[in-house]
Structure formats: C-alpha cells, structure tokens
Amino acid sequence: MTEPTTLTALRATLTRLAQAPARSLVGLAGPPGAGKSHVTDALLRDLPGAALLPMDGYHLDDRLLSARGDLARKGAPWTFDLDGFAVMLDRLAADDGRAVLVPVFDRDLEISRAAAREIPASARLILVEGNYLLLDQPGWRDLARHFALTVMLDVPEPVLRARLTARWRALPPDQARAKLEANDLPNMELVRVASRAPDLILPNG
1 MTEPTTLTAL RATLTRLAQA PARSLVGLAG PPGAGKSHVT DALLRDLPGA
51 ALLPMDGYHL DDRLLSARGD LARKGAPWTF DLDGFAVMLD RLAADDGRAV
101 LVPVFDRDLE ISRAAAREIP ASARLILVEG NYLLLDQPGW RDLARHFALT
151 VMLDVPEPVL RARLTARWRA LPPDQARAKL EANDLPNMEL VRVASRAPDL
201 ILPNG
C-alpha cells in the first residue's frame with residue numbers, strides 16, 4: 001500500500017537501512033523535472049556510506065540514437081540500455097564483497113562516461129534514481145524485484161511543465177517549444193500514467 005512521506009521521514013527510513021548488515025537498493029523514481037537529482041543529493045549528504053546509481057548513465061549514445069532515428073526522443077524508455085541497467089542492478093544486489101564501477105551521464109557533453117563512479121563494497125544502501133524505475137512495461141517492470149523500497153516524487157503537472165520549459169530557456173522559443181512538446185511532455189505523461197504504485201510518495205513541488 002502506497003503511503004505519503006516527507007523528506008525527514010524518508011531520511012530516517014534510509015538511515016535505518018544504511019545501518020543494517022544487508023545491502024538495500026532503494027528506487028527513487030519520478031517524471032522529468034521532478035527534482036530526483038536534487039532529492040538524492042540532499043539525502044546522500046546525510047547518509048554517510050550510501051551510494052548512488054543514476055539511471056541516466058545508461059542513455060544510449062547520440063550517434064547510435066541518430067542512426068536509429070531516435071535522437072529527438074532521447075530520454076524516452078527505448079533510448080536507454082535497459083538490459084545493461086538490469087545487469088548492473090543484479091551485480092549490486094549480489095553484494096559479493098567487491099567494489100562496482102558504474103557509468104555516469106555527463107550533461108555538459110551529453111554522453112555517458114563508463115566506469116566514472118565507484119560503489120564501494122562497504123555500501124549498505126544504494127539509491128537508484130531514474131524516470132522509469134516503476135514503469136509498468138515489459139522489461140522495466142522486472143526491475144522492481146531489486147528494490148527494498150520504492151519512492152515516487154509527486155509534483156503538480158504545472159510545476160513540471162514550468163521546470164521543463166526552463167531547461168530550454170537558452171534556445172529560441174520555437175525550438176524550446178518543439179523539444180518540450182515532442183519529447184519532454186510525452187515522457188512526463190508516461191511516467192505519470194504508466195508507473196506502478198510505489199511504496200512511498202514524496203511531494204516535491
């Protein structure tokens with residue numbers, strides 16, 4: 001059953017998980033513009049020893065997306081390496097006493113950097129952050145088995161639209177509107193209507 005939570009209450013829950021002997025993976029999901037990175041950064045500051053796996057590290061490369069005709073939809077579910085992401089979750093859940101190197105998305109260069117972050121063997125809590133962690137579609141729904149807890153960020157649609165619009169403020173208005181309407185808003189709506197129920201809902205708007 002889904003329950004509402006606050007950042008303070010969530011932090012307390014995660015602190016307990018981080019102090020347990022067994023490793024826990026916690027999924028933090030939400031639509032584009034929900035503030036997932038901001039929330040995870042805030043949580044990690046208060047959780048020494050916790051680690052982060054961002055789903056963004058599994059973006060397909062722009063050259064591959066261009067060859068497939070999908071570059072304009074970068075950020076949609078099919079523009080991620082879902083299989084590679086699932087394998088990484090398996091490795092982290094195995095907790096086999098070895099550090100694990102994970103990719104990180106470089107937003108300045110729009111590329112994923114392989115082995116850009118180390119998750120130490122000592123990490124008892126790993127926050128996994130991404131748009132589609134709870135997506136109720138083939139392949140994506142299988143990710144849920146890895147998570148000890150799932151959290152969905154809840155942001156009013158007008159706030160999401162404003163945040164997404166602000167991302168493109170450096171572009172001419174017509175280009176910004178095209179990016180918003182052709183990609184960002186469809187991805188936002190997909191997360192809102194096609195995600196499975198989380199354990200917790202965290203308002204962030």
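Letter by letter, the sequence shown follows residues 1 to 205 in the working numbering.
Heads up, the beta-carbon is just placed ideally off N, CA and C, and yes, glycines get one too.
Residues bridged to residue i [DSSP beta-bridge criterion]
i: H59; result: F80
i: V26; result: L127 and L149
i: E3; result: L200
i: L190; result: For L190, which the question treats as bridged, DSSP gives no partner whatsoever.
i: L135; result: S195
Residue i, enclosing alpha helix (DSSP H) - first and last residue
i: D41; result: K36 to R45
i: A116; result: No alpha helix (DSSP H) holds A116; the beta strand (DSSP E) holding it covers I111 to I119.
i: L164; result: E157 to R167
i: P173; result: P173 to K179
Beta-carbon contacts of residue i that lie in its chain and below 7 Å, excluding the five residues immediately before and after
i: S195; result: A29, L134, L135, D136 and M152
CB-CB length for residue i against residue j, believed under 8 Å
i: L51; j: A114; result: With the sequence shown as reference, residue 51 is identified as Ala, and Leu is not the correct amino acid for it. Incorrect: roughly 17 Å between the Cβ atoms, too far for contact.
i: L125; j: L202; result: Not really, about 16 Å apart at Cβ, beyond 8 Å.
i: D62; j: E118; result: Actually they are not in contact, since the Cβ atoms of D62 and E118 sit about 26 Å apart, beyond 8 Å.
i: T79; j: H59; result: 7 Å
i: A18; j: G49; result: 6 Å
i: N204; j: V128; result: Between V128 and N204 the Cβ distance is about 17 Å, and since that is not below 8 Å, they are no contact.
i: N183; j: N131; result: The pair is not a contact, with the Cβ atoms about 12 Å apart (cut-off 8 Å).
i: D199; j: T150; result: 5 Å
i: R11; j: L43; result: 6 Å
i: V26; j: A148; result: 6 Å
i: L64; j: K74; result: Not really, about 11 Å apart at Cβ, beyond 8 Å.
i: H146; j: A197; result: Wrong, their Cβ atoms sit about 17 Å apart, outside the cutoff.
Span of the beta strand (DSSP E), counted from its first residue to its last, around residue i
i: P198; result: P198 -> no beta strand (DSSP E), and no H or E assigned at all.
i: D154; result: L149 to D154
i: R16; result: Here R16 belongs to no beta strand (DSSP E); instead the alpha helix (DSSP H) covers L7 to A18.
i: L52; result: A51 to P54
i: D106; result: V100 to D106
Same chain, Cβ closer than 6 Å to residue i, neighbours up to 5 away in sequence not counted
i: V104; result: G57, R113, A116 and R117
i: L97; result: The identity of residue 97 in the sequence shown is Gly, whereas the question assumes Leu. Once the five neighbours on either side are set aside, the close Cβ partners of G97 are A121.
8 Å Cβ shell around residue i - same chain, five flanking residues per side excluded
i: L171; result: K179
Beta carbon proximity, residue i to chain C, threshold 8 Å
i: A93; result: This model lacks chain C altogether; it includes just one protein chain.
Exercise. Taking contact to mean at least 3 C-beta pairs separated by less than 8 Å, is the segment 141-151 in contact with the segment 184-193?
Worked result: no
Exercise. Are there three or more Cβ pairs, one per stretch, closer than 8 Å when the segment 79-99 is compared with the segment 159-167?
Worked result: Contact between the segment 79-99 and the segment 159-167 is absent: fewer than 3 CB-CB pairs across the two stretches fall below 8 Å.
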